[in-house]
Every structure is written in C-alpha cells, then in structure tokens.
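The opening position of the sequence shown corresponds to residue 36 in this note's numbering, with each subsequent residue numbered one higher. Every residue gets a Cβ at the ideal spot worked out from N, C-alpha and C, and that includes glycine. In what follows, a single structure is set out as structure tokens and then discussed.
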Amino acid sequence: MSEITFNRLPSAVPKAIGSVLLVIFIAEILVMWLLHTIQVDSVLNEILLDGLLLTVVSSPLIYYLVAHKIIYKNEQLIFELSSLKSDFDTTALISKTDTDGVITYVNKRFCDISQYSTAELVGKSHTIVNSGIHSKEFWHNCWQTIISGQVWKGEVCNKAKDGTYYWVESTFLPTFNTKQEIIGYSAIRVDITDRKRVEEQLTHNSTLAILGEIAAGVGHEINNPLVVADGTLAQVEKQLIAEGVKTPILFEKIKKISETNKRIRNIVDGLRTFATSDTSSDQEHFSMEEAVKRTINLIAAAYEREGVLLTVEKSTVELFIFGHIGLLQQILINLISNARDATKGQKVREVRIVIKGSGDQKGQLLVSDNGTGIPQLLQKKIFEPFFTTKGGEMGTGIGLTLVDKLVTELGGELSLDSQIGEGTTFTATFPVVVKSEDDCQSLEVKSVQPRSGSVLVIDDEEDIREILAEMIEDMGMTVEQADDGDTALEMVKLKRYDYICTDIRMPRMSGDRFIEEARKLPNGETTIIIISGGIATNYSPADRSAIIKLGDVYVTKPFGQESIEDAFNKVSKK
36 MSEITFNRLP SAVPKAIGSV LLVIFIAEIL VMWLLHTIQV DSVLNEILLD GLLLTVVSSP
96 LIYYLVAHKI IYKNEQLIFE LSSLKSDFDT TALISKTDTD GVITYVNKRF CDISQYSTAE
156 LVGKSHTIVN SGIHSKEFWH NCWQTIISGQ VWKGEVCNKA KDGTYYWVES TFLPTFNTKQ
216 EIIGYSAIRV DITDRKRVEE QLTHNSTLAI LGEIAAGVGH EINNPLVVAD GTLAQVEKQL
276 IAEGVKTPIL FEKIKKISET NKRIRNIVDG LRTFATSDTS SDQEHFSMEE AVKRTINLIA
336 AAYEREGVLL TVEKSTVELF IFGHIGLLQQ ILINLISNAR DATKGQKVRE VRIVIKGSGD
396 QKGQLLVSDN GTGIPQLLQK KIFEPFFTTK GGEMGTGIGL TLVDKLVTEL GGELSLDSQI
456 GEGTTFTATF PVVVKSEDDC QSLEVKSVQP RSGSVLVIDD EEDIREILAE MIEDMGMTVE
516 QADDGDTALE MVKLKRYDYI CTDIRMPRMS GDRFIEEARK LPNGETTIII ISGGIATNYS
576 PADRSAIIKL GDVYVTKPFG QESIEDAFNK VSKK
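So this is what it looks like as structure tokens:
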C-alpha cells in the first residue's frame with residue numbers, strides 16, 4: 036500500500052480556487068459576448084440570463100477542471116485509509132473505551148486473540164481479559180498516565196476466554212474533542228507471545244549458566260575440603276581399629292559424619308549436573324535412579340520444611356536413558372514443583388515419584404500429587420505456552436512447556452492423568468536400556484588386589500596430596516609427591532613412575548599442560564590417572580573431552596578409597 040500524505044488536500048485548495056476563478060472569468064467573457072449579440076433590453080432579464088448562461092457555460096468546465104480531481108483524490112484517500120485500517124485490523128488488537136473505561140469498540144483481531152465475541156466485550160471493562168499477573172500499582176500508573184493526557188506504553192499479559200495467557204505490547208492513549216477535552220481512550224496492542232516465549236527460554240538458559248558458574252566455585256571450594264575430611268575420617272577409623280578400640284558410639288559418630296559428608300557431596304554433584312546449560316554434548320547412558328537421587332538430594336530438605344512428603348519408588352531393574360542427566364533433573368524439579376503447588380490446602384501434602392519399566396524398551400518416570408486435580412477442559416491446554424492453572428502470583432505457564440520440550444529432547448513423551456478431587460499424575464516415557472541388578476553388580480569390582488609399583492601424586496593442595504598418597508600406600512604402592520606441574524616434570528625427567536595421578540587446575544603449570552610435556556619425555560610414557568573436580572564446569576565440552584582423553588582414567592573429586600581403587604583396577608585391565 037502506498038504511503039498516505041495527508042497534506043495533499045490543503046496544498047490542492049489554492050490551485051482549485053485559481054482554476055474556478057479562471058473558469059468563471061472565461062465564462063463571463065463568453066456570456067457578455069452572447070448578451071451583447073442577443074441585445075437584451077431589460078436589466079433584470081440581462082442579470083437572470085447572465086446567471087443562467089454563466090452557470091451553463093462554467094459548470095462543465097469547473098467539474099472537468101476541479102471537482103472530479105477533488106473527488107478522485109478523496110476516493111483515493113478513502114481507499115488508502117481503508118487499506119491502512121485493514122492492515123491494522125490484521126496485525127493489531129484495537130479497542131476503544133469511554134472515560135469510565137467501558138469498552139465501546141473492538142476490532143476482529145482483538146476478538147480472535149481474546150476468544151471473546153464483540154457482544155461479550157462491548158459494555159464491559161478490560162478487566163475481562165485481566166490475567167492477574169500485574170500488580171495494582173502497575174495498573175494505577177497506567178491510568179494516571181492516560182487520564183493526564185499522556186500516552187502509556189508497556190508489555191501486558193492478558194488472559195483469553197479459555198484460560199490461555201498471551202502477551203501484548205500495548206499503547207494506551209487518550210482521545211480528545213475539538214476543545215481538547217478527553218472523551219475516551221484508545222488501545223493499540225501487538226501480540227508478542229512468541230517473542231516472550233523465546234525470552235523466557237533465554238532467561239532460563241542464562242539462569243542455568245549463572246548457576247553453573249556458582250556450582251563450579253562451590254564444587255572447588257567444598258569438594259576439596261570434603262576429600263580431606265573423608266580421608267582424615269577414614270584414617271582415624273583405621274587407626275582406632277588398629278589400636279583395638281571397641282567403642283560402638285565412637286564408630287557410630289564416625290559413620291554419621293561420613294554420611295553427612297556424602298550428602299554434601301551428592302548435593303554439589305546434583306547442583307553441578309542440573310546447572311549444565313550445554314546438554315548437546317557429553318551425552319551418555321545414565322541411570323534414571325541416579326538422576327532421581329541427585330534431584331531429591333537437592334530439594335528434599337526444602338520440601339520437608341514446607342510440609343511436603345516426597346516418596347520414591349524404584350524399579351526392580353535399573354533403567355538407563357541416553358542423553359544428559361541434567362535434562363532429567365530439570366524435568367523432575369519442574370514436575371515436583373508443580374505437584375507441590377497443587378497440594379496447597381491439603382491436610383497431608385504428598386508427592387510420589389515412581390520409576391518403572393513399561394515393556395518394549397521403555398521406561399517411565401511418574402510424578403503424582405494428592406491435589407485437587409485439573410478439569411478435563413483445561414487438560415488440553417496444559418502444555419501450551421503461558422497457560423497456567425495457578426494464579427498470576429504463582430506462575431506464568433512456562434514450566435510445563437519447558438518440561439515437554441526437555442522430554443522431547445531425551446526422545447520421550449509427556450502425558451498426564453488427572454481426576455478432580457483425586458490429584459494429578461504426569462508420566463514421562465523414554466526409550467531405555469535395561470540392566471538387571473545382577474548385571475549392575477557384575478560391573479562393580481568388589482575385591483582389592485594387593486599392588487606394587489611407584490606412583491607420582493601431583494596436587495597443589497597439600498592435604499589432598501597427603502590423603503591420596505596414604506590411600507595409594509594402603510594398596511601396597513610407593514608414593515612420591517609434587518605440588519605443581521613444573522616440579523613434577525623435573526621429577527619425571529629423572530625417574531620413570533609406573534603411575535601418575537594428577538590434578539588439572541594448578542598454578543604455574545596446569546595438569547593438562549604437564550601431561551602434554553611429560554608425554555614427550557622417555558619416562559613420560561606411563562599410566563596417567565586424572566583426578567579433578569573442576570573439569571565438568573570450568574571447561575567447554577570440547578576442551579573437557581580433550582583433557583579427559585589425555586589420561587587413561589578420570590576420577591572426579593571428591594574421591595574416596597573405593598573410587599581410587601576402582602581407578603587402578605581399570606588401568607590394570609587396559
């Protein structure tokens with residue numbers, strides 16, 4: 036559509052007046068000549084005949100030269116205005132109200148998006164589409180702006196007739212009469228629901244990235260002291276046994292401290308995997324049970340404080356999903372969060388998590404609540420963006436849309452079963468690999484074989500070096516220590532070690548740099564075990580994979596005697 040120029044008519048007026056005067060002047064000359072030729076005697080007759088002849092002669096000329104051009108331009112302007120209105124009706128939601136905020140007009144687009152008819156909207160206020168998400172202060176500021184004669188702009192979340200939430204970019208402006216008095220208000224809105232959906236996803240990813248950075252710091256600052264605490268505790272227990280101490284309460288306290296340390300370690304591990312924003316790499320077969328365990332470790336205490344009882348039912352066989360374990364954790368946290376909200380108001384608040392096989396190489400994760408249930412009519416909308424059965428204060432309807440997307444990323448399907456008064460169950464079904472308990476046990480090494488050989492332990496934290504050295508010495512090997520890569524490299528130049536255990540993040544020379552340099556030396560062609568807690572979160576997926584491949588086995592901090600024994604068992608089989 037061509038651009039409308041509203042100054043066309045004003046600029047054409049002088050030309051039109053000039054044309055009319057020119058026509059009248061020419062017509063008058065013709066009339067005077069005719070009158071002179073006819074020779075009318077009466078003055079009155081001459082005037083009447085003059086007017087008649089002037090009209091007859093000038094009218095066609097005036098119409099041809101002036102009127103039809105004005106009419107044509109008016110028709111063109113009307114057409115362009117109609118096209119402009121059509122464009123607005125196609126893209127914008129338009130409404131008008133009186134000074135009391137009562138709707139007097141809505142266009143078709145408004146009706147289509149809100150799902151209300153014109154009859155249902157006209158005569159009502161805009162509270163009919165109020166989502167409840169925005170505060171009273173938000174709307175007070177809006178009204179104060181437009182009643183003062185100014186234009187208000189902002190993003191608004193509205194609620195359609197079927198409960199679906201939609202976002203609009205709104206412009207509210209007052210309408211004035213010729214006396215510059217406000218006689219009503221107009222609203223022009225553009226649907227931005229898709230854009231908000233993308234923004235929510237970006238915000239979610241950004242939050243995970245920030246959480247990942249925090250987890251990296253937490254992992255380093257907590258896991259390393261945990262290694263020392265666990266190792267020292269094991270030494271104390273071993274010493275007590277060697278000295279013949281038989282005080283049950285003492286060993287119970289040692290066990291309690293060890294279990295507490297393990298819980299801290301599990302929470303840190305769960306936080307680290309949950310916060311991983313890049314899930315496209317590092318995909319592997321992971322245990323559904325392990326994912327559930329890590330998630331429950333993260334949230335159990337908080338839910339217990341709220342009075343929500345979490346119960347877990349495990350499968351009789353271990354089920355493995357291919358993908359990133361962090362995705363299943365995100366799915367589970369969202370579903371459990373929804374279940375918790377659904378149980379508000381119940382005397383006993385219960386959320387049940389069930390892992391089970393469903394045949395045909397499928398595994399299911401079920402999250403059930405004893406809430407009030409979801410009406411059948413709303414169940415069809417439950418996975419749509421911005422749809423929520425909660426009030427505006429509790430959610431914006433993004434969670435289940437995200438869950439559905441994450442389930443799909445893991446190759447699964449999400450469904451729900453809900454009965455009013457009985458609660459709701461969400462079921463995520465995934466393709467799985469099944470391993471029986473016997474299979475899983477066969478993978479574990481239960482016995483520790485006496486060993487011999489020399490080991491170089493490299494770590495910049497002395498306490499961790501000492502703990503690791505003692506664990507290895509208990510296995511029958513001799514140990515030497517280095518506090519950084521530079522020192523270790525000089526030691527490797529002078530002596531060949533059967534095994535090298537090295538950290539990665541160290542000052543001066545990092546562990547990966549040390550391995551690369553050591554491999555160039557005659558004595559450097561040896562078995563290398565990488566022991567680090569920072570690889571998972573402090574490096575990109577590509578760098579992480581490259582670093583792990585530098586060694587023969589990778590052990591994650593915090594480690595225990597069992598994980599160190601397993602590492603040496605693995606390298607001995609290669």
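Suppose contacts are defined by Cβ-Cβ distances below 9 Å. Is residue i in contact with residue j by that definition?
i	j	result
Leu370	Ile409	no
Val386	Ser403	yes
Val347	Thr378	no
Ala517	Val492	yes
Asn296	Leu275	no
Gly358	Leu445	yes
Arg298	Glu341	no
Met645	Glu508	The requested residue 645 is not part of the displayed model; the chain covers only 36 to 609.
Phe461	Gly447	no
Pro542	Asp578	no
Can you tell me whether residue i is helix, strand or coil according to DSSP?
i	result
Tyr338	helix
Thr346	strand
Ile565	strand
Val590	strand
Leu445	coil
Gly559	helix
Gly219	strand
Asp226	strand
Gly546	helix
His320	strand
Thr522	helix
Ser393	strand
Glu496	coil
Thr330	helix
Lys584	helix
Glu278	coil
Gly361	helix
Thr655	Residue 655 lies beyond the range of the chain shown here (36 to 609); nothing can be said about it.
Can you list, in chain order, the residues of its chain with a C-beta nearer than 7 Å to that of residue i? Leave out the 5 residues immediately preceding and following it.
i	result
Pro209	Ile181, Gly184, Ile217, Tyr220
Asp587	Thr562, Ile563, Ile564, Val606, Lys609
Gly595	Asp265
Val225	Thr126, Ala127, Val203, Glu204
Ile499	Asn259, Val262, Val263
Going straight from the alpha carbon of residue i to that of residue j, what length do you get?
i	j	result
Lys592	Thr238	30 Å
Ile163	Lys188	20 Å
Ile455	Gln381	14 Å
Thr334	Gly458	Here residue 334 is Ile; the residue named in the question, Thr, does not match the sequence. Roughly 21 Å separates the two Cα atoms.
Ser205	Leu128	9 Å
Gly426	Gly167	The predicted position of Gly426 is uncertain, since its pLDDT is 48 and thus under 50; no value can be drawn from it.
Ser567	Thr537	8 Å
Ile148	Gly392	42 Å
Arg548	Gln396	44 Å
Ala553	Thr513	20 Å
Ala336	Arg486	43 Å
Ser160	Thr134	11 Å
Tyr534	Gly559	10 Å
Lys555	Gly546	15 Å
Asp521	Met506	24 Å
Leu441	Ala581	27 Å
Val270	Arg540	Inspection of the sequence shows that residue 270 is occupied by Gln rather than by Val. One C-alpha to the other measures close to 26 Å.
Thr139	Ile223	14 Å
CB-CB under 8 Å to residue i, same chain, minus the five flanking residues each way: which ones, in chain order?
i	result
Glu324	Lys349, Ser350, Glu353, Leu354, Ile390
Asn212	Ile218
Gln414	Leu451, Ser453
Pro45	In this prediction, Pro45 has a pLDDT of 48, which is less than 50 and means its spatial position is unreliable; what the coordinates show is noted afterwards. For Pro45, where only same-chain residues beyond five positions count, there are no Cβ hits under 8 Å.
Leu367	Ala326, Val327, Thr330, Ile388, Leu400, Val402
Arg230	Trp202
Could you please give me the residues that DSSP links to residue i through a beta bridge?
i	result
Asn193	Asn165, Tyr201
Gln10	The structure shown has nothing for residue 10, since the chain only spans 36 to 609.
Ile388	Val347, Val402
Asp452	Thr460
Tyr151	Beta-bridge pairing links Tyr151 to no other residue.
Trp187	Phe207
Tyr536	Residue identity check: residue 536 is Cys in the sequence provided, not Tyr. In the DSSP output, where bridge partners are listed per residue, Cys536 has Val492, Ile564.
Lys131	Tyr140, Ser221
Tell me which residues share the same chain as residue i and place their Cβ nearer than 6 Å to its Cβ, disregarding the 5 neighbours each side in the sequence.
i	result
Leu503	Val492
Ala326	Ile360, Leu363, Gln364
Val590	Ile566, Ser598, Ala602
Tyr151	Lys196
Shorter than 9 Å from the beta carbon of residue i to some beta carbon of chain D?
i	result
Asp376	Among the protein chains of the structure shown there is no chain D, as only one such chain exists.
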